[in-house]
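**Student:** Sending over a structure as structure tokens; questions will come in a sec.
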DNA sequence: TGGAAGTTAGTAAATATTTACTAACTTTGC
DNA sequence: GCAAAGTTAGTAAATATTTACTAACTTCCA
């Protein structure tokens, strides 16, 4: 488990990232914002990478929690996919920095541990959605004349694009309504018509 | 127009980016690879940002060229969208560093000029595809019961996701075949059935 | 009273950029 | 036609700043 100060470091880090970007997250900024000296940070985390790893863990755990609760949120595969859309979007609204982190792969390029963790998270997401798509196809809810692999790519790509547009500060982006509309469009395209 | 040395700087920069990432592009690396001193670089470009701007310009121009030739490549709106898919993918295959640059927005975050140029490029892409979608709908080729805005988001999201997967070195990714399959899937979803 | 959490004062390395200068061309005015 | 003046492209050396991180000392509280 993490101590109070460790949690504070993560919280403040997320806040810095959301305003100044990942590159704005320096030990100096972090220490200043918390109100302690730079070396004091190292009493709680070995190095900067450990802090970023903790942030990614936080994100990973949120995702796993969402996946775990899926059965209680919806019954049909399509509704479950929609619940994932909404779930992620809520998480991003509460912590906009998570979006920044997720789109920061290029910055992590020369840090294998970070790179690996991001890849893990993305692979897990893909796998969950792909199995939901396959289940929906088996149940006759989702069109079966399409490989689940490609459908999954289209779904995840749409989700990411939506988040990206929202992040880019598209002022014409009305959260709840847009998420619903985009998902409805996707649903309209892939579901089997009655 | 750009001088020979300026072009060389851009070419070598692209090469460095494709192997070491944008963060590997330092004036030192660049100068070493070309075989001149660091300050000599500044004889040709004011600063590092100017070099990155030139790279983005190169990318922007490629896109505009593609958009300009669209009429000669295909006739129907759907085929034109497919030509854009293929065109971008070819550009990325020839210059993998372009993908890195396109997904490096986070790195450009505190450089308004770079940020602006990236936004411009994305907006231009969106506008072109959106107008093609609308045209396809008007001609009865693309489903009309869906707002072109959302359809565009799904198309661009799919394209980006495809490129991202390819970039992540998905070894199971067979360029030509996959691009075609993904586009076929998309087509199957959005086109009006005869 | 001893260890956890803090401070002060640094270091080493990286990085973009500036300064002062030179050699080799090119242009221009008499 | 040719020398003076200017330009281009380079160098070596130094600078300013940022960054992650460390060593050694101090405070404080259970």
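Protein chains in written order, with the numbering used here: chain A, 1036 to 1229; chain B, 1036 to 1229. Using N, Cα and C, we set each Cβ at its ideal position, and we do this for glycine too.
1. By the 8 Å beta-carbon criterion, what residues does the stretch 1119-1139 of chain A contribute toward chain B?
2. Looking only at C-alpha atoms, which of B:1214, B:1224, B:1104 and B:1147 sits nearest to residue 1085 of chain B?
3. If the cut is a Cβ gap below 7 Å, which residues of chain A does residue 1196 of chain B touch?
4. Judging by CA-CA distance, which residue of A:1190, A:1208, A:1209 and A:1197 is the nearest neighbour of residue 1113 of chain A?
5. Please name the residues in the stretch 1045-1060 of chain B whose beta-carbon is closer than 7 Å to at least one beta-carbon of chain A, in chain order.
6. Compute the distance between the beta-carbons of residue 1095 of chain B and residue 1165 of chain B, then report whether it is under 9 Å.
7. Using 8 Å as the threshold, is the stretch 1056-1070 of chain B in touch with the stretch 1209-1220 of chain B, meaning 3 or more CB pairs across them?
8. Quick one: using the 10 Å Cβ neighbour count with 16 as the cut-off for buried, is residue 1172 of chain A buried or exposed?
9. Spatial neighbours of residue 1222 of chain B within its chain, please: CB distance less than 8 Å, with the 5 preceding and 5 following residues excluded, ordered by chain position.
10. Using DSSP with H/G/I as helix, E/B as strand and the rest coil, what is residue 1174 of chain A?
11. What's the gap between the Cα of residue 1157 of chain B and the Cα of residue 1195 of chain B?
12. Name the residue from B:1179, B:1115, B:1108 and B:1126 whose alpha carbon lies nearest to the alpha carbon of residue 1198 of chain B.
13. Report yes or no: is there a C-beta of chain B within less than 9 Å of the C-beta of residue 1064 of chain A?
14. Any Cβ of chain A within less than 9 Å of the Cβ of residue 1084 of chain B?
15. Just to make sure I have the definition right: I need the residues of chain B whose C-beta is within less than 7 Å of the C-beta of residue 1144 of chain A. Which are they?
16. Which residue's Cα is closest to the Cα of residue 1103 of chain B: B:1176, B:1213 and B:1163?
17. What number of angstroms, rounded off, separates the C-alpha of residue 1006 of chain A from the C-alpha of residue 1213 of chain B?
18. Near residue 1131 of chain B, which residues of its chain fall below 6 Å by C-beta distance, leaving aside the five closest residues on each side in sequence?
19. Taking residue 1183 of chain B as the reference, which of B:1151, B:1225, B:1209 and B:1202 has the closest Cα?
20. Tell me residue 1226 of chain B's beta-bridge partners as DSSP assigns them.
**Tutor:** Let's see:
1. 1135, 1138 and 1139
2. B:1147
3. 1188, 1191, 1192 and 1195
4. Looking at the Cα atoms, A:1190 is the closest of the given residues.
5. 1056, 1057 and 1058
6. no
7. no
8. Taking all protein chains in view, the Cβ of residue 1172 of chain A is crowded by 16 or more other Cβ atoms within 10 Å, so the residue is classified as buried.
9. 1113 and 1117
10. coil
11. Near 11 Å, if we compare the C-alpha coordinates of residue 1195 of chain B and residue 1157 of chain B.
12. B:1126
13. no
14. no
15. 1056 and 1058
16. B:1163
17. A question about residue 1006 of chain A goes unanswered here, because the residues of chain A that appear run from 1036 up to 1229.
18. The residues are 1053.
19. B:1225
20. B:1177
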